[in-house]
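For reference, the structure discussed in these notes is given below.
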Amino acid sequence: DAGVIQSPRHEVTEMGQEVTLRCKPISGHDYLFWYRQTMMRGLELLIYFNNNVPIDDSGMPEDRFSAKMPNASFSTLKIQPSEPRDSAVYFCASSPIAGSTGELFFGEGSRLTVL
Amino acid sequence: AQKVTQAQTEISVVEKEDVTLDCVYETRDTTYYLFWYKQPPSGELVFLIRRNSFDEQNEISGRYSWNFQKSTSSFNFTITASQVVDSAVYFCALSLSGYSTLTFGKGTMLLVSP
Chain B
6 DAGVIQSPRH EVTEMGQEVT LRCKPISGHD YLFWYRQTMM RGLELLIYFN
56 NNVPIDDSGM PEDRFSAKMP NASFSTLKIQ PSEPRDSAVY FCASSPIAGS
106 TGELFFGEGS RLTVL
Chain P
115 AQKVTQAQTE ISVVEKEDVT LDCVYETRDT TYYLFWYKQP PSGELVFLIR
165 RNSFDEQNEI SGRYSWNFQK STSSFNFTIT ASQVVDSAVY FCALSLSGYS
215 TLTFGKGTML LVSP
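Protein sequence lines, in the order shown, are assigned to chains B and P. The opening residue of the first sequence carries number 6 in our numbering; numbering runs sequentially from there. The opening residue of the second sequence carries number 115 in our numbering; numbering runs sequentially from there.
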């Protein structure tokens, strides 16, 4: 079975450019999570969806960040305009049930570098 | 608010040594779940174990064992006879009942040399 698929794996862009990260969750999983990993702050939850509906976006840093889940098999995380401090690894994870009782299945991450 | 502390930033051991990774958590809730995840050099996070707050039994899985002590709010992870393939960053995480999100510690990087 395919795991969580993220693209691109690596993205290098210049400050001010728009960045779109993509995620395909595991089929049948109702929950989708976007996390960001940096050396300074570790793993931070940005937003999560349940059945394609955003439930908690309190972790989204600011209005430059937006996330969508138009259907059960696809989600995007968009940064516009990007800034150097957005450089991080962005992980998508999915879960068949709520995270407190079920494990999260993570993708391999998208490493973003903003110059 | 809940918090997870992994005080050890990096640990280096030689193959076959035993190593314990510490995890201390904070929460006022009585029902919660604790997790350990492994992040190998390839980058993805891999689930290792989940524990609920009502189950303080220690668990052993092969060379891995976990020690959960509510009295000290700790959930430590021990690798016996470490191997080079155990080299990774290990994360401890906490989730509250009724919530879907995990709060992660900063992680401990384990380096096992031959």
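By construction, the Cβ of each residue, glycine as well, lies at the ideal position given by its N, Cα and C atoms.
Under the three-state reduction of DSSP output, K29/B falls in the strand class. In chain B, no part has a C-beta under 7 angstroms from the C-beta of L225/P; the shortest such distance is about 16 angstroms.
The Cβ neighbour count for S100/B, taken over all protein chains shown within 10 Å, is at least 16; the residue is labelled buried.
Taking 7 angstroms as the cut-off, the beta carbon of F189/P is found closer than this to the beta carbon of L148/P. Between S201/P and V226/P, the gap from beta carbon to beta carbon is short of 7 angstroms. Going by C-alpha positions, D132/P is about 31 angstroms away from Y40/B.
I52/B is bridged by DSSP to W39/B.
Below the 8 angstroms Cβ cutoff, chain P contributes G157 and E158 as neighbours of G114/B, in chain order. Less than 7 angstroms divides the Cβ of L224/P from the Cβ of I125/P. Looking at the DSSP output, C206/P shares a beta bridge with W150/P. By the criterion of at least three beta-carbon pairs nearer than 8 angstroms, the stretch 88-98 of chain B is in contact with the stretch 40-50 of chain B. DSSP links H15/B through a beta bridge to R116/B. Within its own chain, the residues whose Cβ lies closer than 6 angstroms to the Cβ of K152/P, once the five positions on either side in sequence are excluded, are V160, L162, A202 and Y204, listed in chain order.
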